[in-house]
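For the protein sequence lines, the chains are A and B, in the order given.
Residues 4 to 326 (this note's numbering) are what the first sequence spells out, left to right.
Residues 45 to 303 (this note's numbering) are what the second sequence spells out, left to right.
Read the structure below first, then the notes.
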Amino acid sequence: MSTDTSPGPAPATAPAPPSSKPVVQPGDRIFAGFATGAGILILVVLAGVAAFLVTEAAPAFVAPAEEIPGGGGIVAYIWPLVFGTLLAAVLALLIATPLAVCVALFITHFAPRRISQPLGYVVDLLAAVPSIVYGLWGVAVLAPASVGLMTWLQDYLGWIPLFAGPVSATGRTMLVVGVTLAVMILPIITAVSREVFLQTPKLHEEAALALGATRWEMIKMAVLPFGRSGIISGAMLGLGRALGETMAVAIILSVSGAVTVNLISSGNPSTIAANIALQFPESTGIEVNTLIASGLVLFLITLAVNSVARFVINRRREFSGAN
Amino acid sequence: MGKAIEAIDLSIYYGSFRAVEGVNMSIRPKTVTALIGPSGCGKSTYLRSINRMHEVIPGARVEGRLELDGTDLYGAGVDPVGVRRQIGMVFQRPNPFPTMSIYDNVIAGQRLNNKRMRKDATDDLVERSLRGANLWNEVKDRLDKPGSGLSGGQQQRLCIARAIAVQPDVLLMDEPCSALDPISTLAIEDLINELKTDYTIVIVTHNMQQAARVSDYTGFFTIEGTGKPGKLVEMDETRTIFSQPKQKATEDYVSGRFG
Chain A
4 MSTDTSPGPA PATAPAPPSS KPVVQPGDRI FAGFATGAGI LILVVLAGVA
54 AFLVTEAAPA FVAPAEEIPG GGGIVAYIWP LVFGTLLAAV LALLIATPLA
104 VCVALFITHF APRRISQPLG YVVDLLAAVP SIVYGLWGVA VLAPASVGLM
154 TWLQDYLGWI PLFAGPVSAT GRTMLVVGVT LAVMILPIIT AVSREVFLQT
204 PKLHEEAALA LGATRWEMIK MAVLPFGRSG IISGAMLGLG RALGETMAVA
254 IILSVSGAVT VNLISSGNPS TIAANIALQF PESTGIEVNT LIASGLVLFL
304 ITLAVNSVAR FVINRRREFS GAN
Chain B
45 MGKAIEAIDL SIYYGSFRAV EGVNMSIRPK TVTALIGPSG CGKSTYLRSI
95 NRMHEVIPGA RVEGRLELDG TDLYGAGVDP VGVRRQIGMV FQRPNPFPTM
145 SIYDNVIAGQ RLNNKRMRKD ATDDLVERSL RGANLWNEVK DRLDKPGSGL
195 SGGQQQRLCI ARAIAVQPDV LLMDEPCSAL DPISTLAIED LINELKTDYT
245 IVIVTHNMQQ AARVSDYTGF FTIEGTGKPG KLVEMDETRT IFSQPKQKAT
295 EDYVSGRFG
């Protein structure tokens, strides 16, 4: 205060020296600290997981081929699993996404309010059902019940490699796994899509309606383009769950290790997660490393899937309506 | 193009709540009619009832008749979608479709009509509509860019271009300038003056100078209190409404002595 030249008595605390930092409230600083800490923590955890996977998987990659279970080397071991994982997950996604979008549209734009609310709760509830329950339902109900349909598919659509048969007598096929996984991931895709559809600006919906759009045309013009990135993120969340799903697949699928797109036969490739769950208890030494190596591959697949989704969403950001 | 609108004892309800009561109004073809009045007086509701846009709110209905060149817009078997294709609308805030380019925005309505058009015919329609909305020179080099990248005033003119691209009979404007700066407002007002050679225009505005500047006829709506229905007090030539209105309420409002 010694250099104060302003007229009148100077207040005791002001003015602050010009070199000082901008004023920051302690509350702000604490919150910023927490947020930064949480951000760093998630990166550390991710790095830790990646480091664990890489170090534990490394022995399997350098081991001689005949020591790997199956005796054909690491690639021959993991490849059918990767194929099975992707096949099951993509199948589930193809079934679930259109259905989820329709359900979300019904809830947000077609159903009367007293139906849409309870329906929303029911869909959310579906997400809370443990996967083992879906697995049990799949193997005990869906698998036997679907044998008839699969026979029909083989008889009439058998020329498509997907339905070449011969039909599994137990129904424990890739198709049933796909459907079960689809039911599992349906709620999450629906929930995300529904939230995005609800956020469609009224302004854009009215713009379409005022041009003489029917309800469906309005949805095509305003709601779906606006919700596109939301649908994609929902689908990716669902895909993540389908890729990593363990118990339902382990229970349902009858595995032969064959690499085939035949969805209705009893010879199916297993998936990475189910294979780890089934093999891990009896594995020792290099077998464990091999399983972890497959886990590393699953980790990379998930990473790639998410990056691709992010890329797809960003590609048309200019047109996203967020600006 | 440019048809007459006749409201006969038209009341508008939201569920059991009567929002607007007993409007009788004749709107001449190819004129600009301004609707003025205090907030909540039902002028926007009435405007939206002309192309049945108020029906997007569940429970909305009307009593009475609303005729477009003698056809009852609320008659049995009249599809609101068809009504809206004849009666275009421009909203308070510019609302071009953010996911579409400027070009696609203009032909959005045409696409709905499912008319397969040749590329040069669509190009022609886009140019004609954008010229009609005084926007062509500003956007002709970036028709493939998103409409949301334009300024507010340009976006609003894009919305007008989109509305006139389907060649409606009537153009409704719900406070089209309330989100715009004075220069953009002037551009829209000039445009309204040009458009009335082809279209019947009904405009809701809060700005009485604007009503005086752009309209041929003015209707004054008011409301007695909250929960009461809004009603049309008086409608006459704009000059008369602003100089010697017949009703005391109108005079109070236009001279600024209201409320």
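C-beta atoms are modelled at their ideal positions from N, C-alpha and C, and glycine is treated no differently.
Between residue i and the rest of its own chain, which residues show a CB-CB distance below 6 Å, the 5 nearest in sequence each way excluded?
i, result
"serine 5 (chain A)", "Because serine 5 (chain A) sits at a pLDDT of 44, beneath the cut-off of 50, its placement in the model cannot be relied upon, and the following sentence gives the value as read from the coordinates. Cβ neighbours of serine 5 (chain A) beyond the five flanking positions: none."
"glutamate 111 (chain B)", "Glu50"
"leucine 129 (chain A)", "Pro190"
"threonine 8 (chain A)", "Confidence at threonine 8 (chain A) is low in this model, with a pLDDT of 48, below 50, so the placement of that residue is unreliable and no value is reported for it."
"leucine 122 (chain A)", "Ile110"
"glycine 11 (chain A)", "Any answer about glycine 11 (chain A) is weak, because its pLDDT of 49 lies below 50 and its placement is not dependable; what the coordinates show is given next. Excluding sequence neighbours, glycine 11 (chain A) sits near nothing in its chain."
"aspartate 164 (chain B)", "none"
"isoleucine 135 (chain A)", "Met250"
So which of the options has the shortest CA-CA distance to residue i?
i, options, result
"arginine 117 (chain A)", "B:Phe135, B:Pro102, B:Leu54, B:Leu215", "B:Pro102"
"glutamine 249 (chain B)", "B:Lys292, B:Val298, B:Ser173, B:Asp167", "Note that residue 249 (chain B) corresponds to threonine in the displayed sequence, not to glutamine. Minimum Cα distance to threonine 249 (chain B) is reached at B:Val298."
"serine 196 (chain A)", "A:Met221, A:Gly40, A:Leu227", "A:Leu227"
"leucine 234 (chain A)", "A:Ile254, A:Glu198, A:Tyr137, A:Trp155", "The sequence given here places isoleucine at residue 234 (chain A); leucine does not occur at that position. With distances taken between Cα atoms, isoleucine 234 (chain A) lies closest to A:Glu198."
"threonine 270 (chain B)", "B:Gly197, B:Gly46, B:Gly84", "B:Gly84"
"histidine 98 (chain B)", "B:Glu281, B:Glu268, B:Asp218, B:Leu235", "B:Asp218"
"glutamate 304 (chain B)", "B:Gln291, B:Val183, B:Lys272, B:Thr143", "Outside the displayed span of chain B (45 to 303) sits residue 304 (chain B), for which this structure offers no information."
"threonine 183 (chain A)", "A:Gln120, A:Ala79, A:His207, A:Thr249", "A:Thr249"
"phenylalanine 64 (chain A)", "A:Ile77, A:Ser297, A:Thr176", "A:Ile77"
"tyrosine 124 (chain A)", "A:Gly138, A:Ala107, A:Leu139", "A:Ala107"
"valine 104 (chain A)", "A:Leu96, A:Met221, A:Ile192", "A:Ile192"
"alanine 256 (chain B)", "B:Leu276, B:Glu238, B:Ser287", "B:Ser287"
"leucine 89 (chain A)", "A:Val150, A:Val180, A:Leu46", "A:Val180"
"isoleucine 295 (chain A)", "A:Ala307, A:Ser23, A:Phe55", "A:Phe55"
"proline 204 (chain A)", "A:Arg218, A:Gly230, A:Ala194", "A:Gly230"
"leucine 54 (chain B)", "B:Asp296, B:Pro73, B:Lys87", "B:Lys87"
"serine 259 (chain A)", "A:Phe86, A:Leu160, A:Ala92, A:Leu145", "A:Phe86"
"glycine 141 (chain A)", "A:Pro101, A:Ile254, A:Phe34, A:Gly74", "A:Ile254"
"proline 220 (chain B)", "B:Lys74, B:Leu230, B:Ser173, B:Thr75", "B:Leu230"
"threonine 143 (chain B)", "A:Leu256, A:Ile222, A:Leu301", "A:Ile222"
"arginine 313 (chain A)", "A:Ala114, A:Gly237, A:Val57", "A:Gly237"
"alanine 210 (chain A)", "B:Gln199, B:Thr241, B:Pro226", "B:Gln199"
"isoleucine 289 (chain A)", "A:Thr58, A:Ala92, A:Leu102", "A:Thr58"
"aspartate 260 (chain B)", "B:Val214, B:Ile52, B:Ile285, B:Ile204", "B:Ile285"
"arginine 172 (chain B)", "B:Gly59, B:Val210, B:Arg128", "B:Val210"
I'd like the list of long-range same chain contacts for residue i, defined as Cβ closer than 7 Å, with 5 residues on each side in sequence excluded.
i, result
"alanine 325 (chain A)", "With a pLDDT of only 48 at alanine 325 (chain A), under 50, the local geometry of the prediction cannot be trusted, and the value read off the model is given with reservation. If we look at alanine 325 (chain A) and ignore the five residues flanking it on each side, it has no Cβ neighbours."
"glutamine 157 (chain A)", "Phe166, Gly168, Val170, Ile267"
"glycine 303 (chain B)", "For glycine 303 (chain B), the pLDDT reaches just 47, beneath the cut-off of 50, and the residue's location in the model is therefore unreliable, although a value from the coordinates is still provided. Closer than 7 Å at Cβ, skipping near neighbours: Pro82."
"lysine 240 (chain B)", "Lys74, Thr75, Val76"
Less than 8 Å between the CB atoms is what I'm expecting for residue i and residue j, so what's the real figure, rounded?
i, j, result
"isoleucine 71 (chain B)", "valine 246 (chain B)", "6 Å"
"arginine 206 (chain B)", "asparagine 149 (chain B)", "5 Å"
"isoleucine 208 (chain B)", "glycine 274 (chain B)", "At roughly 29 Å, the Cβ-Cβ gap does not stay under 8 Å, so isoleucine 208 (chain B) and glycine 274 (chain B) are not in contact."
"arginine 96 (chain B)", "proline 124 (chain B)", "4 Å"
How would you list, in chain order, the residues of chain A whose beta-carbon sits under 9 Å from the beta-carbon of residue i?
i, result
"arginine 160 (chain B)", "Result: empty, since nearest Cβ-Cβ is about 16 Å, beyond 9 Å."
"arginine 206 (chain B)", "Ala210, Leu214"
"methionine 97 (chain B)", "Glu209, Leu212, Ala213"
Mind checking which residues open and close the beta strand (DSSP E) that includes residue i?
i, result
"phenylalanine 264 (chain B)", "261-267"
"asparagine 95 (chain B)", "Where asparagine 95 (chain B) is concerned, there is no enclosing beta strand (DSSP E), given that its DSSP letter is neither H nor E."
"threonine 77 (chain B)", "76-80"
"glycine 274 (chain B)", "274-281"
"aspartate 218 (chain B)", "214-218"
"valine 67 (chain B)", "61-71"
"valine 134 (chain B)", "131-134"
"serine 232 (chain A)", "Counting along the chain, serine 232 (chain A) falls outside any beta strand (DSSP E), though it belongs to the alpha helix (DSSP H) covering 227-247."
"valine 248 (chain B)", "244-248"
Tell me which residues share the same chain as residue i and place their Cβ nearer than 8 Å to its Cβ, disregarding the 5 neighbours each side in the sequence.
i, result
"leucine 187 (chain B)", "Ser145, Ile146, Tyr147, Val170"
"proline 14 (chain A)", "Low local confidence applies: a pLDDT of 49 at proline 14 (chain A) is under 50, so the model's placement there is unreliable, with the coordinate-based value given in what follows. Correct list: empty, nothing qualifies."
"threonine 305 (chain A)", "Gly243, Leu246, Gly247"
List the residues of chain B whose Cβ lies closer than 9 Å to the Cβ of residue i, in chain order.
i, result
"methionine 239 (chain A)", "None at all; the shortest Cβ gap to chain B is about 20 Å."
"phenylalanine 200 (chain A)", "In chain order: nothing, as chain B lies at least about 14 Å away."
"proline 121 (chain A)", "Neighbours of proline 121 (chain A) on chain B: none; closest Cβ ~18 Å, over 9 Å."
Under 8 Å between beta-carbons, which chain B residues line up against residue i? List them in chain order, please.
i, result
"threonine 111 (chain A)", "By Cβ distance, chain B contributes nothing, its closest Cβ being about 14 Å from threonine 111 (chain A), past 8 Å."
"phenylalanine 229 (chain A)", "Pro142, Thr143"
Identify the contact partners of residue i in chain A, using a Cβ-Cβ distance below 8 Å as the criterion.
i, result
"glycine 84 (chain B)", "Per Cβ cutoff of 8 Å: no residues; glycine 84 (chain B) is ~19 Å from chain A at best."
Going along chain B in order, which residues have a C-beta closer than 7 Å to the C-beta of residue i?
i, result
"alanine 225 (chain A)", "Phe141"
"glutamate 290 (chain A)", "Simply none; closest approach about 51 Å."
Below 7 Å on C-beta distance, what does residue i contact in chain A?
i, result
"alanine 152 (chain B)", "Leu214, Met224"
I'd like the span of the alpha helix (DSSP H) that includes residue i, first residue to last.
i, result
"glycine 153 (chain B)", "152-156"
"glycine 334 (chain A)", "The structure shown does not extend to residue 334 (chain A), since chain A spans only 4 to 326, so no value can be given for it."
"valine 300 (chain A)", "289-318"
"arginine 117 (chain A)", "116-131"
"glutamate 171 (chain B)", "163-176"
"valine 258 (chain A)", "From DSSP, valine 258 (chain A) is part of no alpha helix (DSSP H); its letter is neither H nor E."
Going by the C-beta, is residue i closer than 7 Å to any heavy atom of the ligand GTP?
i, result
"tyrosine 124 (chain A)", "Questions concerning the ligand GTP fall outside what the structure shown contains, since it holds no ligand whatsoever."
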